[in-house]
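Working notes, structure below.
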Amino acid sequence: MKIALVIFILTYAGIIFTRIPKINIDRPSAAFFGSVAMILFGVLTFNEAMAAIDFNTICLLLGMMLIIATLEIDGFFSLIAEKTVRVAHTQRALLIIIIFVTGISSAFLVNDAVVLLFTPVLIAICTSSNLNPVPYLIAEILASNAGSAMTMTGNPQNMLIGINSGISYGKFLMLLAPVSILSMFVIFGIILLMYPAEFKIRKKIIFAGSDFEYDYKSMKFSVPIFIFVIVMFFIGGKINMSIPVIALTGGSLVLVFGRIKPSKIIKEVDWVLLLFFAALFIVVRGVEKTGLLETFLKNALLTPDFKGVAFLHALSLFASQAVSNVPFTVIMIPFMKIADSGIMWLALASASTLAGNATIIGAMANLIVIESAQKRKIKIGFFEFLKSGIIVTLLTLIISMAVICFWILIGVSNF
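Start counting at 1 in the sequence shown, then tack on 197, and there's your number in my numbering.
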């Protein structure tokens with residue numbers, strides 16, 4: 198029991214402190230070390246460790262990664278960004294387009310991939326229009342996280358929650374869409390409030406040419422396959438087809454029928470993230486097997502009422518800054534299964550995702566945009582992001598609690 202706790206603490210210490218002095222470690226390697234240690238020290242047998250891996254989640258991630266990688270190579274994300282921002286004629290119009298296009302796209306296209314491909318287009322527009330890119334990039338980050346909260350394919354933690362909760366894709370979207378949409382309006386208002394000088398003097402929005410390449414021939418195959426997958430997510434349950442199988446079907450179709458060389462697509466899959474997930478499943482299962490979580494489970498305030506919802510949102514806010522929202526969600530899965538409440542699963546999805554907006558390190562999408570901007574000599578400092586991020590986070594968490602409590606009030610609490 199003690200060794201399992203030590204391994205767990207060391208693993209999550211490695212996740213929290215991504216670079217410990219004189220030790221070559223990062224989050225995936227820390228999780229992998231912990232999973233192997235659970236087997237070496239006899240906490241789990243090899244077969245038990247393999248059984249602990251949630252292959253439904255892994256398969257959903259893999260299928261979506263194959264589809265998203267194909268769309269990335271085709272230039273689909275850049276095309277969406279370029280075409281939509283062209284209709285903006287003022288800074289305010291550009292801001293609201295960025296927020297809603299990024300948010301809605303992130304809900305269905307996985308937010309990390311969206312910001313990775315949207316950011317260069319956004320910077321190009323700001324440069325050619327002589328605009329300060331910082332407020333627009335911050336808005337993009339905040340909107341990508343807020344928008345991704347509304348579906349189970351919007352981000353990795355929601356995939357975990359969607360698979361383990363058994364909630365249908367349509368119900369997940371229907372109940373959390375109000376949170377995401379209202380949050381996007383909040384982001385718009387806060388950015389205007391925090392950067393008034395940027396929107397005071399009207400400037401002409403220009404997009405001078407394009408250095409982005411688009412493979413329209415390949416998109417004729419990849420885009421219809423992506424649309425097919427999204428439609429199937431909604432109706433798959435009626436024909437007894439699970440979400441992971443639908444994702445894998447889409448992934449196989451783009452490999453076989455797409456015009457991009459399959460090996461090129463497969464190389465773009467984030468295999469490190471898949472390893473990270475698999476390793477975390479094993480580590481958490483090791484602690485769970487020893488009974489170390491039972492005391493916490495008995496005392497966990499995860500009831501479908503205001504106290505439970507408020508507790509989960511507060512916990513998400515702090516934990517997501519410490520270990521990021523994906524490792525936090527993996528830890529919470531055993532707790533949520535005991536709580537056995539559909540609405541609380543949704544509360545976790547909403548809270549853990551929105552909490553990622555508080556600081557630069559709260560979510561992977563934040564780091565992707567900031568690193569991409571830094572390569573183009575645009576700096577977004579910790580406190581620069583914090584002054585908008587923390588306000589947006591607190592306001593959107595309040596919105597999330599209000600929406601979740603409303604569903605509970607009208608009788609939508611378990612399904």
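By construction, the Cβ of each residue, glycine as well, lies at the ideal position given by its N, Cα and C atoms.
| query | result |
| --- | --- |
| The alpha helix (DSSP H) enclosing S226, as first and last residue numbers | R224 to L237 |
| Residue of L514, K464, Y333 and K576 minimising C-alpha distance to R386 | Strictly speaking, residue 386 in this sequence is Gly, with Arg absent from that position. Nearest of L514, K464, Y333 and K576 to G386, Cα basis: Y333. |
| DSSP state of R216 mapped onto helix, strand, coil | Confidence is the limiting factor: at R216 the pLDDT is only 48, short of 50, which leaves the residue's position unreliable and the question unanswerable from this model. |
| Cβ-heavy atom distance, F238 to the ligand FMN, below 7 Å | Ligands are entirely absent from the displayed structure, and the ligand FMN is therefore not among its contents. |
| Pair within 8 Å by beta-carbon distance, S547 and G434 | no |
| Ordered list of alpha helix (DSSP H) runs contained in the region 365–414, each at least 4 residues | 366–391 and 393–397 |
| Cβ-based burial, R482 [other Cβ within 10 Å; buried from 16] | buried |
| Cβ-based burial, Q571 [other Cβ within 10 Å; buried from 16] | exposed |
| Beta-carbon spacing of V480, F205 below 8 Å | yes |
| Alpha carbon of E279 to alpha carbon of P330, nearest angstrom | 16 Å |
| Status (buried if at least 16 other CB within 10 Å, exposed otherwise) for M347 | buried |
| Neighbourhood of F473 by C-beta, 7 Å cutoff - its chain only, sequence neighbours within 5 removed | R224, P225 and A228 |
| Cβ pair count under 8 Å reaching 3, the region 588–608 against the region 537–554 | yes |
| First through last residue of the alpha helix (DSSP H) which encompasses P317 | N308 to S325 |
| Check whether D309 and S415 have beta carbons under 8 Å apart | no |
| Own chain residues within Cβ distance below 7 Å of A566, not counting five before or after | Note on identity: in this sequence residue 566 is Val, with Ala being the wrong assignment. Closer than 7 Å at the Cβ level, and outside the excluded window around V566, lie V312, T316, L334, E337 and I338. |
| Boundaries of the alpha helix (DSSP H) in which D271 is found, first to last residue | F252 to D271 |
| Whole-angstrom distance between S585 and M598, CA atom to CA atom | 20 Å |
| Beta-carbon separation (whole angstroms), I236 vs F230, contact threshold 8 Å | Contact doesn't hold; Cβ gap of about 11 Å is too wide. |
| Straight-line gap, Q354 to A475 (C-alpha atoms, nearest Å) | 13 Å |
| Backbone secondary structure at P421 - three-state DSSP | helix |
| Residue burial classification, M371 (beta-carbon count within 10 angstroms, cutoff 16) | exposed |
| Whether T324 touches M261 by CB criterion (8 Å) | no |
| Alpha-carbon to alpha-carbon, V383 and L592 | 8 Å |
| M533 - containing alpha helix (DSSP H), residue span | N522 to A536 |
| Sub-8 Å separation of C256 and A444 beta-carbons | yes |
| For S380 and A552, the rounded distance between their alpha carbons | 12 Å |
| Straight-line gap, E568 to P459 (C-alpha atoms, nearest Å) | 28 Å |
| Residue span of the alpha helix (DSSP H) that contains M347, given as start and end | Counting along the chain, M347 falls outside any alpha helix (DSSP H), and DSSP gives it neither H nor E. |
| Entirely enclosed alpha helix (DSSP H) segments - the region 422–494, minimum 4 residues | 440–454, 459–464 and 468–487 |
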